[in-house]
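A quick write-up on the structure given underneath.
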Amino acid sequence: LGAVGKGLALSRISRLLEEREEMGGAVISLGGSVLTYGVKPDGSPWKVGIVDPADPSSHLGILTLEGQWCVSTSGDYERYVEADGVRYHHILDPATGYPAQSGVGVTVLVKDGLLSDGLSTACFILGPEQGMELAEAYGAETLFVMQDGSIRMSEGMETYFSR
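If you use this note's numbering, the sequence shown corresponds to residues 2 to 164, in order.
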């Protein structure tokens, strides 16, 4: 449930916002998942920071978005414990039952919160090659931060991402 809980909440919040005509715009952040909705009061685009996995206190870049979008990020750099020199994080690989060993951070951009949250977790577990294929099948854009700090992203993500 942790793989989709925040995304499901964003999808429900989005529907609530749509029911209220007086709600012109909002940003809702639920940890690693963010919903942008409508228009900012000054008409400028929404800006959503992408955390740098090598230094979670800083940003790797910014997504510039207009209207409704859901952004979900999955990685092993915030929720983990180290024991005997081994790092154990919270995203489990269903094939092994152990923490996934993809070694990447992934951000997914799509219109639906449930889909963004589920895809970011699945893409993290699958890694960049299979993850990008999966996200593309659902019409989502992806950004992968590799262990060496390099970035791989879908062609569509290049429209939204800047350093």
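In this text, a Cβ means the ideal position worked out from N, Cα and C, and glycines have one as well.
Query	Result
From this set, G39, G104 and G98, which residue's C-alpha is nearest D149's C-alpha?	G104
Name the residue from G3, G6 and L11 whose alpha carbon lies nearest to the alpha carbon of V111.	L11
Check whether the Cβ atoms of T122 and S155 lie closer than 8 Å to each other.	no
Exposed or buried, what is S165 when buried is set at 16 or more other beta-carbons lying within 10 Å of its beta-carbon?	Within the shown structure, residues of the chain are numbered from 2 to 164, placing residue 165 beyond reach of any answer.
Are the region 5-20 and the region 63-77 touching, with three or more C-beta to C-beta distances below 8 Å?	yes
Does DSSP put R16 in a helix, a strand or coil?	helix
Any chance you could list the beta strand (DSSP E) runs of at least 3 consecutive residues sitting entirely within the region 50-124, in chain order?	56-66, 70-75, 81-84, 87-90 and 106-111
Kindly identify the DSSP beta-bridge partner or partners of K48.	T65
Please confirm whether any heavy atom of the ligand NAP lies closer than 7 Å to the CB of P95.	With respect to the ligand NAP, the structure offers nothing, as it holds no ligand at all.
Could you give the residue range of the alpha helix (DSSP H) that holds E137?	P129 to A138
Taking the straight line between their C-alpha atoms, what separation do you get for Y161 and M147?	19 Å
For A136, count neighbouring Cβ atoms within 10 angstroms of its own Cβ and tell me buried if that reaches 16, exposed if not.	buried
Starting from E156, follow the beta strand (DSSP E) in both directions and report where the run begins and ends.	That residue, E156, is in no beta strand (DSSP E); it is neither H nor E in DSSP.
Mind checking whether V52 and L61 have CB atoms under 8 Å apart?	yes
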